[in-house]
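Residue numbers (our numbering), protein chains in the order written: chain A, 1 to 181; chain B, 1001 to 1129.
I have placed the structure first, in the form of structure tokens, so that the comments after it can refer back to it.
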């Protein structure tokens, strides 16, 4: 399994970006009893047969990488969910997009830590393309929302180190000021 | 840490921009690309990415663009980092932990020297094409 919830989040969101999504929504909730994540995109989506294969280890869509197929993102998620009394739900429709929701039992001894959300989100914002990526972060009593477009608008781009550091400071400040995190 | 707003961010960006213009007017002519497939994530590519941008910022290097990409087809050598610098060969480095990421900034970007023991073979054919 991945070492942190953020690693799983990176894996799923990267799938969305590579599926040609122009909009990727990430919802991350952490509470005393559960961790809940939703990754929704408007990318190419999958039909029922493809989705059934996608949850099997080492399946990767032929067009994604011509000669390289790893195909462990979703299987690792299922493995983790199974190990920590979690759930996984995937809805997908060709041409419309894919939504993955998963929950982990926050109190389970094997549940991975959340990880560095600021660096994770920053990384997910630095792929090529004009997609928007919107993070909605919630705890039982607080929340914040940030978007890639908002950061690009404020900074000019998310490719120069100086801008990336400023964006990281911004993301870290949102997370640091979140109550109940 | 005080909570920053987008307005704060714009002001900080303007201040940095003015300082950068005084220091380094050169174009953005180099690229560092960090592989972030499942394999890269599992091997710690995020820590590598973070170390690289921190080192670039600490050294005041402004001519380098930093991006992420998916799997480069070298899963056995993750984290992998591709470096593109004018008048130097395009190189993919493997097993790039945070310390090696900083070394890439200092040796390859600043001193124009390759880090021999981390150089990988060419990437997967669909990337070459």
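Glycine included, each C-beta is placed from N, C-alpha and C at the ideal position.
Residue i classed as buried or exposed, judged by whether at least 16 other C-beta atoms fall within 10 angstroms
i	result
residue 15 of chain A	buried
residue 185 of chain A	Any question about residue 185 of chain A goes unanswered here, given that chain A covers just 1 to 181.
residue 22 of chain A	exposed
residue 1090 of chain B	exposed
residue 1087 of chain B	exposed
residue 128 of chain A	exposed
residue 67 of chain A	Only weak support exists for where residue 67 of chain A lies, its pLDDT of 47 falling under 50; the coordinates are left without a value.
residue 65 of chain A	Note that residue 65 of chain A scores a pLDDT of 49, beneath 50, so its modelled location is shaky; the value from the coordinates is reported in the next line. Per the 10 Å Cβ criterion, buried.
residue 1111 of chain B	exposed
residue 13 of chain A	buried
residue 1025 of chain B	In this prediction, residue 1025 of chain B scores a pLDDT of 47, lower than 50, which makes its location untrustworthy; no coordinate-derived value is stated.
residue 180 of chain A	exposed
residue 1076 of chain B	exposed
residue 1102 of chain B	buried
Anticipated Cβ contact below 8 Å, residue i with residue j, distance rounded
i	j	result
residue 1033 of chain B	residue 1081 of chain B	7 Å
residue 45 of chain A	residue 75 of chain A	Incorrect: roughly 19 Å between the Cβ atoms, too far for contact.
residue 157 of chain A	residue 97 of chain A	Wrong, their Cβ atoms sit about 26 Å apart, outside the cutoff.
residue 112 of chain A	residue 3 of chain A	6 Å
residue 145 of chain A	residue 135 of chain A	7 Å
residue 1013 of chain B	residue 166 of chain A	6 Å
residue 1061 of chain B	residue 1109 of chain B	6 Å
residue 1039 of chain B	residue 1078 of chain B	5 Å
Extent of the continuous alpha helix (DSSP H) to which residue i belongs
i	result
residue 21 of chain A	Neither: residue 21 of chain A is in no alpha helix (DSSP H) and is coded neither H nor E.
residue 1101 of chain B	1098-1103
residue 176 of chain A	161-176
residue 54 of chain A	48-54
Enclosing beta strand (DSSP E) for residue i [first to last residue]
i	result
residue 1040 of chain B	Residue 1040 of chain B -> not in any beta strand (DSSP E); alpha helix (DSSP H) instead, spanning 1038-1043.
residue 1065 of chain B	1064-1069
residue 36 of chain A	34-41
residue 1032 of chain B	1030-1035
residue 1082 of chain B	1081-1084
residue 1061 of chain B	Note, residue 1061 of chain B: premise wrong, no beta strand (DSSP E); not H, not E.
residue 1091 of chain B	1091-1093
In chain order, each beta strand (DSSP E) run of at least 3 residues that lies wholly inside the region 66-105 of chain A:
87-93, 97-105
Taking a cut of 7 Å between CB atoms, which residues from the region 121-155 of chain A lie near chain B?
123, 126, 127, 128, 150, 154, 155
Uninterrupted beta strand (DSSP E) stretches inside the region 102-154 of chain A (no shorter than 3 residues)
132-138, 143-147
Interface positions of the region 81-100 of chain A facing chain B (Cβ-Cβ less than 7 Å), listed along the chain:
none
Residues of the region 1053-1073 of chain B with Cβ closer than 8 Å to any Cβ of chain A, in chain order:
1053, 1054, 1056, 1057, 1061, 1062, 1064, 1065, 1066, 1067, 1068, 1069, 1070, 1071, 1073
Contacting positions in the region 166-177 of chain A - beta carbon closer than 8 Å to chain B
166, 167, 168, 169, 170, 172, 173, 174, 176, 177
Check each residue of the region 15-40 of chain A: if its Cβ is closer than 8 Å to any Cβ of chain B, include it; give the result in chain order.
18
Going along the chain, which residues of the region 1087-1113 of chain B sit with their C-beta nearer than 7 Å to a C-beta in chain A?
none
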